[in-house]
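To keep things clear, I will list the structure first and then write my remarks on it.
Numbering (our numbering), first residue to last: 16 to 417.
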């Protein structure tokens, strides 16, 4: 149990909270993490999703890209990240073939792109630009925040304008003529958002940026053992450094002077901290601070008041479904191994115009027809999440986003 006076209290035991706890505890400060759930890790967890079946799926987050190697070294994290041989496969509607992006064979990717009548040189040139962007931007994520003007100089004027300042759809439309290729590129700007390609709020640009900069390469790797293995490593690092991690602790309020009130079972407790860190959503933090923008009964000013703007809930339009199959689905293309098609991201109904129509339909509160979706198979790269018997039987996991 935490003492009633701590140097640091962290509200929320997700992966970011655990990283902060480990670093701060290493400095000798007293650090306590309060997590409402009965387990740590937030979205970075593994679960036996199907009762009686020995398969531990990454139920929410599932790939690793934005975890800097600096953090892995500093915290001594014992995790294995495996690269995916294939980036993606996208069937061409109305045909028996599609676009296969093979990370291990550039010539095969060229043949696949050109089989659609698309320009592979344009594809290569575009991703050379995003690679340069990644090399410039990603090393800065563990450094003091740069000024906008400093980062702009590092990135270069053309790339800054196209990827940061202007809606991402503009550079995609200018770079590619083929609708399917445009769609594959655009998906990195849409996952987890609710936005069109030419989004003036630039939400799609932000999404695209964090999809292409990870590790300085844009690669998204498979955590061996699932996302729960990442959380286990972070938990060990935080505890080894001396942090106190309390689960089942439901924080109910935070005051400006550092008092954190929380419930633990039937007990209502409090602790004072010199610094309180938030690892919860902005809307939750605003509630914990008191209200939506004015001084409330607690005398605290809500997050909205601190920021000078209203904190609005962020609504999404995606659903994620985890599946366990006896075998991978068969493909219409008999020349393509399903292990290649499902080894990366399998895009369904994600041509550029299909994605734009889907956004317009969803904006009008209609379910798009056809419905865009993506499929991912963890167990092809990391069979350790399956029991030996399941793995030997040919069973595979699939995650479907729609």
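For glycine and all other residues, C-beta sits at the position ideal for the given N, C-alpha and C. These numbers were taken from a predicted model, which means no experiment stands behind them.
- Under the criterion of beta carbons closer than 8 Å, residue 292 and residue 68 do not qualify as touching, at roughly 38 Å.
- Residue 90 places its beta carbon 8 Å or farther from that of residue 288.
- For residue 372, there is no enclosing beta strand (DSSP E); the enclosing alpha helix (DSSP H) covers residues 367-378.
- Proximity to residue 305 across 274, 294, 328 peaks at 274, based on C-alpha coordinates.
- Residue 382 and residue 352 have their C-alpha atoms some 32 Å from each other.
- One thing to note: residue 198 has its Cβ no nearer than 8 Å to the Cβ of residue 57.
- Its Cα nearest to that of residue 107, the residue 363 stands out among 403, 94, 387, 363.
- Contact between residue 204 and residue 223 holds: CB atoms are separated by about 4 Å, below the 8 Å threshold.
- Just measuring C-alpha positions, the residue of 300, 326, 184, 235 sitting nearest residue 368 is 184.
- Residue 86 is not a Cβ neighbour of residue 170, given a cutoff of 8 Å.
- In terms of Cβ geometry, residue 70 and residue 339 form a close pair [threshold 8 Å].
- Residue range 264-269 is occupied by the beta strand (DSSP E) that includes residue 269.
- Looking at the DSSP output, residue 356 shares a beta bridge with no other residue.
- Counting C-beta atoms within 10 angstroms of its own C-beta, residue 220 has 16 or more neighbours from the protein chains shown and is therefore classed as buried.
- Leaving aside the five residues that flank residue 405 on each side, the residues in its chain whose CB is nearer than 7 Å to its CB run, in chain order, 69, 70.
- For residue 81 against residue 225, the beta-carbon gap comes to about 6 Å, under 8 Å, which counts as contact.
- Between the region 139-149 and the region 225-236 there are three or more inter-stretch CB-CB distances shorter than 8 Å, so the stretches are counted as touching.
- Taken in chain order, the whole alpha helix (DSSP H) runs of length 4 or more contained in the region 77-149 are 84-90, 121-130.
- Shown here for residue 97: same chain residues with a beta carbon closer than 7 Å to its own, the five before and five after excluded, namely 236, 237, 239, 396, 397 in chain order.
- Counting along the chain, residue 299 sits inside no beta strand (DSSP E); it lies in the alpha helix (DSSP H) bounded by residues 297-304.
- Taking a C-beta distance under 8 Å as the contact criterion, residue 392 and residue 358 qualify as a contact pair.
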